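The structure under discussion appears below in the form of structure tokens.
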Amino acid sequence: MLEIRNLHARIAEDGTEIIRGLNLTVRDGEVAAIMGPNGSGKSTLSYVLAGREDYEVTDGDILYNGHSILEMDPAERAAAGIFLAFQYPMEIPGVATMEFLKTALNAQRKARGEDPLKVPDFLRRVKEAAGSLDMDMAMLKRPLNVGFSGGEKKRAEILQMKLLEPKLCVLDETDSGLDIDALKIVADGVNSLRAPDRSVVVITHYQRLLDFIVPDTVHVLYKGQVIKSGDKNLAIELEKNGYAGFIAEAA
Ligand SMILES: Nc1ncnc2c1ncn2[C@@H]1O[C@H](COP(=O)(O)OP(=O)(O)OP(=O)(O)O)[C@@H](O)[C@H]1O
Ligand SMILES: [Mg+2]
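Okay, so the sequence shown: first residue is 8 according to the working numbering, each after it adds one.
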């Protein structure tokens, strides 16, 4: 599904290298967790995967189903089935969430060669997905993410995922402020999307989240590199002993 090879990426504006030779493979159907200390480059990796223009890839490659995505713009990557949920989701003033969802879903359908959904079909799908997330339909009339609480943003993010049915989901989870209900929303959302042809990358500081979403693989990111990979037990070990041991080992 996803193969990142010796990736180097820097901030376009000042040339600061943040991703420094990162290797990562995520197989079809796999749920991978990425952990790592603050500032290790986790969010930067999600921006580079999204294709944000303020980052430059200087070396290495990102292969999605065997093909490089480096030359694809963010819209093309989304159309190909790559979904990114950022640590700090963008607020979109002036566009009702519902309208945003319809546009996004129909763009996705168009990319898959499908016709746009008729309004009643679209509404039925949204109601179904929102209902499963305990989301009030009134909220969907509000502009996307504007004034949403942390938990509401999480719900909105999972709602988008459920509707768009991406093949590769990358979720950068906020490291504070999520209550246990929000953690469960994310976990249930991810678990409900598990499929043999879909992969999920969850960036998190929470071992607790990984009690609900049991990952197939866990990777530790440090200074822009994956310094350790393992299974779910690696996250438990990190929770107990912290990163120091692995950082010393990698140095
Ligand atoms: N515009 C910028 N100029 C200089 N340095 C930057 C810029 N943007 C990000 N960085 C640095 O890049 C590093 C990686 O940041 P990033 O947000 O990817 O970390 P992270 O692993 O997601 O951390 P956290 O766990 O706190 O979310 C940090 O040291 C950060 O200060
Ligand atoms: Mg981050």
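Where is the CB? At the ideal position from N, CA and C, for every residue including glycine. What you are looking at is a predicted structure, and each value in this text was computed from that prediction instead of being measured.
Run the CB neighbour count on Arg131, radius 10 Å, all protein chains shown included, and call it buried at 16 or more, exposed below. exposed
Following the continuous alpha helix (DSSP H) through Gln214, name the residue where it begins and the one where it ends. Gln214 to Phe219
How many angstroms separate the CA atom of Ala145 from the CA atom of Cys176? 27 Å
What are the boundary residues of the alpha helix (DSSP H) that Arg12 is part of? Arg12 -> not in any alpha helix (DSSP H); beta strand (DSSP E) instead, spanning Leu9 to Ile18.
Three-state secondary structure assigned by DSSP to Glu317: Summary: the structure shown does not reach residue 317, with the chain confined to residues 8 through 258, and so no result is reported for it.
Going by C-alpha distance, which of Ala118, Met105, Glu180 and Asp141 is nearest Pro127? Met105
Should Gln94 be counted as a contact of ligand 1 given a C-beta to heavy atom distance under 7 Å? yes
What ranges does the beta strand (DSSP E) occupy inside the region 69-101, keeping only unbroken runs of at least 3 residues that lie completely in it? 89-92
Roughly how many angstroms separate the alpha carbons of Leu216 and Val225, rounded to a whole number? 13 Å
So the alpha helix (DSSP H) Leu228 belongs to, where does it begin and stop? Looking at the DSSP string, Leu228 is not in any alpha helix (DSSP H); the run it does join, the beta strand (DSSP E), is Thr224 to Tyr229.
Supposed close pair Pro96, Val153 - CB separation, criterion 8 Å: That pair is no contact at about 10 Å.
Is Ile26 buried or exposed, if buried means 16 or more other CB atoms sit within 10 Å of its CB? buried
Cross-strand partners of Ala103 (DSSP beta bridge): Pro150
Where the beta carbon is closer than 5 Å to any heavy atom of ligand 1, which residues qualify, in chain order? Ile18, Thr23, Ile25, Asn45, Gly46, Ser47, Gly48, Lys49, Ser50 and Thr51
Exposed or buried, what is Lys247 when buried is set at 16 or more other beta-carbons lying within 10 Å of its beta-carbon? exposed
What does the alpha-carbon distance come out to for the pair Ala118 and Glu172? 13 Å
Starting from Leu185, trace the alpha helix (DSSP H) both ways and give me its first and last residue. That residue, Leu185, is in no alpha helix (DSSP H); it is neither H nor E in DSSP.
Residues in its own chain within less than 7 Å of Ile210 by CB, not counting five upstream and five downstream? Ile41, Lys49, Ser53, Leu178, Asp179 and Glu180
Alpha carbon to alpha carbon, how far is Arg84 from Arg205? Give it in angstroms, no decimals. 15 Å
Grab me the residues of Glu24's own chain with a C-beta within less than 6 Å of its C-beta, minus the 5 sequence neighbours each way, in chain order. Arg17
Measure from the C-beta of Arg132 to each C-beta in chain C and report whether the shortest distance is under 8 Å. Of the protein chains in this structure there is only one, and it is not chain C.
Exposed unless 16 or more other CB atoms sit within 10 angstroms - verdict on Val55: buried
For the putative contact between Met142 and Leu124, defined by C-beta atoms under 8 Å, what is the C-beta separation to the nearest angstrom? With a Cβ gap of about 19 Å, Met142 and Leu124 do not count as contacting.
Along the chain, where does the beta strand (DSSP E) that runs through Ala202 open and close? No beta strand (DSSP E) contains Ala202, which DSSP labels as neither H nor E.
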